[in-house]
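The structure under discussion appears below in the form of structure tokens.
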Amino acid sequence: MENVLAKQIAKQFRDLHFGDNWVAVNFKSVLEDITWEQATTRIYDLNTIAVLVFHVNYYVSAVLKVLEGGPLEASDKNSFDLPPITSEAEWEALKEKLFSEAEAFASRIEQLDDTRFFELFIDGKYGNYHRNLVGIMEHTYYHMGQISLIRKILNQTTNQ
Numbered sequence: 001m002e003n004v005l006a007k008q009i010a011k012q013f014r015d016l017h018f019g020d021n022w023v024a025v026n027f028k029s030v031l032e033d034i035t036w037e038q039a040t041t042r043i044y045d046l047n048t049i050a051v052l053v054f055h056v057n058y059y060v061s062a063v064l065k066v067l068e069g070g071p072l073e074a075s076d077k078n079s080f081d082l083p084p085i086t087s088e089a090e091w092e093a094l095k096e097k098l099f100s101e102a103e104a105f106a107s108r109i110e111q112l113d114d115t116r117f118f119e120l121f122i123d124g125k126y127g128n129y130h131r132n133l134v135g136i137m138e139h140t141y142y143h144m145g146q147i148s149l150i151r152k153i154l155n156q157t158t159n160q
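Heads up, the sequence shown is in the UniProt record's numbering, so the first residue is 1 and it goes up one at a time.
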């Protein structure tokens, strides 16, 4: 029973990306039918869907490296720096990165001892592991909501 919390948080992270969560919305279904052209279409002054996917995964990638024993190498100023997406293959690769790193992230969380959640994450200014891991989920839900709204706007404008 030493990693009950770890298993629960890992399950919530997987459910957020792949389904079966409390809110009945997940990243896989939200991104399902979005083409690379839609993903790179700018609506008003909002970020594109592709940029938001990159942004969400930027933090997962950075924290995954920490969970694997590496240093924290991330900067907020770089978190929207998506290289141009110019094909369906590049869009599919971005989504594959999101989903494969989400699974690796959840697997690493599952391996944590529950006491780890209350230890400082890298530096005291970041708070503890629990705050950071749950914060990444909150951040992901926030941007998934934006993506859902942008998708609805795109569908409205193309179906008129």
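Each residue gets a CB set at the ideal place from its N, CA and C atoms; glycine is no exception.
Each of S79, L64, N26, E138 was checked against the Cα of L112, and the nearest Cα belongs to L64. In the three-state reduction of the DSSP assignment, N3 falls in the coil class. Looking at the backbone, the Cα of V25 and that of G19 are separated by about 7 Å. DSSP places N21 in the coil class of the three-state scheme, outside both helix and strand. Setting aside the 5 residues that flank it on each side, L82 is surrounded in the same chain by A50, V51, F54, each with a C-beta closer than 7 Å to its C-beta; the list follows chain order. Counting along the chain, Q38 sits inside the alpha helix (DSSP H) bounded by residues 36-39. Close CB contacts of A74 within its chain, under the 6 Å cut and outside five residues either way in sequence, are with A62 (chain order).
Look at N128 here: in three-state DSSP terms it is strand. Secondary structure note for A104: its alpha helix (DSSP H) is the uninterrupted segment 88-110. The C-alpha of I136 lies about 16 Å from the C-alpha of I147.
Taking all protein chains shown into account, T140 has 16 or more neighbouring C-beta atoms within 10 Å of its C-beta and is therefore buried.
Apart from sequence neighbours up to five positions away, the residues of its chain that approach T48 with a beta-carbon distance below 7 Å are A39, T40, T41, R42, ordered along the chain.
The three-state reading of DSSP puts L31 in helix, counting H, G and I together.
The Cβ atoms of A10 and I109 lie closer than 8 Å to each other.
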